[in-house]
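Note that the sequence shown covers residues 1 to 443 in our numbering.
Positions of the beta carbon are idealized from the N, C-alpha and C atoms, including for glycine.
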Amino acid sequence: MVANLILKNVGGKENIKVMEHCATRLRLIVTDDSKVNKEGIKNINGVGGYFFQSGQHQIILGTGKVNKVFDILNEDGEIKTTGIKEEAYSNLNIFQKSLRALADVFIPLIPVLVATGLFMGLRGFALQLKINFSPEFLTLSQVVTDTVFIFLPALVVWSSFKRFGGTPVIGIVLGLMLVAPMIPNAWEVASGNVQPLHLWIFKIQGFQGTIIPALIVGIFGAFIEKWIKSWMPSVIDLVFTPFLTIIIGMSLGFLIINPLFSTIEHIIMISIKYILNIPFGIGGAIFGGVQQLLTIAGLHHSLMIVEASYLSSDGINPLNALITASMAGQAGAAIAYTLREKNKEKKALNFSSIVPCFFGITEPLLFGITLPNSRVFISGMIGGAVGGAFAKLFEVAPAVMGVTFIPAIPAYLGHNLLMYLIMIAISMGTGIIMTQILLKRKE
């Protein structure tokens with residue numbers, strides 16, 4: 001029944017180009033978006049919500065049910081069930097494609113950043129328990145925790161080459177040159193311990209602690225390589241294409257890109273830090289309150305650059321706790337709203353949309369529960385704001401990015417874990433209370 005109604009409201013099977021599903025959502029790319037009856041989909045009994053994002057029509061069905069609906073819709077095997085990301089990308093505008101491309105650069109780096117952050121949390125927790133480690137063990141542990149951050153600019157260049165069609169091994173070599181030990185270390189230069197290299201009017205230093213300059217070098221380098229390949233004779237391509245790519249990329253990086261974009265990155269970081277450092281936790285409240293608006297607009301991936309910059313320069317990521325606070329506020333609001341629901345089937349669907357939020361996925365909850373009722377969404381924003389203020393006041397910040405809420409807990413070992421858990425409780429509790437208050441006023 002649900003599958004047939006979905007098929008009817010998306011313009012029929014012939015209008016579906018690609019169909020996939022995740023744990024809770026059915027994802028569709030259609031030939032003609034105008035044939036999709038959005039309100040009709042939302043009103044189907046058994047559908048927990050609908051939203052359109054990144055070129056995809058996403059229908060929230062809940063765990064288990066989505067698999068059954070998917071199988072029914074494609075029981076004859078006529079619908080394409082792979083390549084939805086590629087199809088969705090082709091439907092995006094330039095701005096959306098740019099954000100998606102940036103996300104594609106940083107997403108491959110998240111596993112190593114998460115692993116490093118988790119180990120750093122475990123080591124910090126052990127040190128807080130007064131466990132004594134030998135100098136040799138501490139040195140080896142620093143290899144595990146610091147290597148990624150020392151060479152993060154190189155990893156960004158590698159990932160950029162891979163994403164934009166360059167040769168990854170050329171990207172990693174070029175990236176390593178940007179943080180080579182022969183070049184004055186940017187941190188040492190900033191502290192005044194060493195002087196940058198002087199070449200004519202240029203001052204040259206390493207890329208340590210920078211992300212945007214490395215990203216630009218990687219993008220430029222990939223396109224430079226492809227441009228050289230377009231005219232380089234194949235008989236000498238193997239030697240001269242990598243040589244010219246590295247020479248041009250390194251020259252542009254040290255002489256132009258690093259000085260220019262380091263300044264831009266510095267301005268961005270100062271601006272964000274200024275907001276976050278507004279006294280009495282107000283900055284944290286602002287970010288914690290509005291962060292989910294970025295998720296709704298599909299702009300949340302842009303925060304990866306800022307988070308990576310924080311980790312590279314400061315060794316901690318204060319945005320992580322604030323993002324979790326915003327999620328917890330929405331989760332609390334959704335739980336309070338769902339508990340008021342009389343329809344058992346609708347209540348079950350809502351809860352299936354809430355569960356992914358605890359693992360860092362808020363879209364099902366946002367589009368299926370809180371956004372359709374503005375008072376519930378505002379309650380969640382207030383919860384996120386209160387939790388964000390608490391996180392900033394108590395300096396809750398781990399050394400990790402890419403994981404939030406429950407999966408991030410190990411990263412807070414040694415980084416105010418208790419305050420992190422209290423922050424979550426405060427955000428959720430405020431979201432619950434505000435939902436009860438605002439919905440009661442509506443009645």
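Spatial distance of residue 174 from residue 234 (CA atoms): Reading the sequence shown from its first residue, position 174 is the one you call residue 174. Reading the sequence shown from its first residue, position 234 is the one you call residue 234. Each residue's Cα considered, the two are about 22 Å apart.
Inside the segment 317-359 only - alpha helix (DSSP H) runs reaching at least 4 residues: Fully enclosed alpha helix (DSSP H) runs of 4 or longer: 318-339 and 344-354.
Outcome for residue 50 when other beta-carbon atoms lying within 10 angstroms are tallied against a minimum of 16: Counting from one through the sequence shown, the residue named residue 50 turns up at place 50. Buried is the call here.
contact_flag[the segment 286-293, the segment 324-339] where n(CB pairs < 8 Å) is 3 or more: Counting Cβ pairs under 8 Å, three or more are found: they touch.
Residue 250: first and last residue of the uninterrupted alpha helix (DSSP H) it sits in: As a position in the sequence shown, residue 250 is number 250, starting the count at 1. Segment 234-252, the alpha helix (DSSP H) holding residue 250.
Close-in-space but distant-in-sequence residues of the same chain around residue 223 (CB under 7 Å, 5 per side omitted): Sequence index remark: in the sequence shown, residue 223 carries index 223 (1-based). 164, listed in sequence order.
Cβ shell of residue 168 (< 7 Å), same chain only, five flanking positions each side left out: Counting from one through the sequence shown, the residue named residue 168 turns up at place 168. Apart from the 5 residues on each side of it in sequence, residue 168 sits with its Cβ closer than 7 Å to the Cβ of 158, 161 and 162 in its chain, given in chain order.
Residue of 107, 115 and 135 minimising C-alpha distance to residue 147: As a working note, residue 147 is residue 147 in the sequence shown. Ranking 107, 115 and 135 by Cα distance to residue 147 puts 115 first.
Whole-angstrom distance between residue 267 and residue 325, CA atom to CA atom: Against the sequence shown, residue 325 aligns to sequence position 325. Against the sequence shown, residue 267 aligns to sequence position 267. The straight-line gap from Cα to Cα measures roughly 26 Å.
8 Å contact criterion, which residue 206 and residue 186 should meet: CB distance rounded: Residue mapping note: residue 206 aligns to position 206 of the sequence shown, counting from 1. Residue mapping note: residue 186 aligns to position 186 of the sequence shown, counting from 1. The Cβ separation is near 5 Å, so the contact holds.
For residue 353 and residue 1, the rounded distance between their alpha carbons: In the sequence shown, the residue the question calls residue 1 occupies position 1. In the sequence shown, the residue the question calls residue 353 occupies position 353. Residue 1 and residue 353: Cα-Cα distance of roughly 21 Å.
Integer-rounded CB distance, given that residue 396 should sit under 8 Å from residue 321: Here residue 321 is taken as the residue at index 321 of the sequence shown, counted from 1. Here residue 396 is taken as the residue at index 396 of the sequence shown, counted from 1. Indeed, because the Cβ distance is near 4 Å, the residues count as touching under 8 Å.
Beta-carbon spacing of residue 225, residue 245 below 8 Å: As a working mapping, residue 225 is identified with position 225 in the sequence shown. As a working mapping, residue 245 is identified with position 245 in the sequence shown. A contact, by the Cβ cut-off of 8 Å.
Exposure of residue 3, with buried meaning 16 or more beta-carbon neighbours within 10 Å: Numbered from 1 along the sequence shown, position 3 holds the residue referred to as residue 3. Under this definition residue 3 is a buried residue.
Local Cβ density within 10 Å of residue 182, reported as buried at 16 or more and exposed below that: As a working mapping, residue 182 is identified with position 182 in the sequence shown. Label assigned to residue 182: exposed.
Three-way DSSP call (helix, strand, coil) for residue 124 in this model: Here residue 124 refers to the residue found at position 124 of the sequence shown. Residue 124: helix per DSSP, three-state reduction.
Boundaries of the beta strand (DSSP E) in which residue 51 is found, first to last residue: For this step, residue 51 is matched to residue 51 along the sequence shown. Note, residue 51: beta strand (DSSP E), 49-53.
Exposed unless 16 or more other CB atoms sit within 10 angstroms - verdict on residue 27: Translated into positions along the sequence shown, residue 27 becomes position 27. Label assigned to residue 27: buried.
For residue 26, the three-state DSSP class (helix, strand or coil): Mapped onto the sequence shown, residue 26 falls at position 26. Strand.
Buried versus exposed call for residue 271 [16 or more other C-beta atoms within 10 Å across all chains shown]: The residue labelled residue 271 in the question sits at position 271 within the sequence shown. Burial check for residue 271: the Cβ neighbour count within 10 Å stays below 16, so the residue is exposed.
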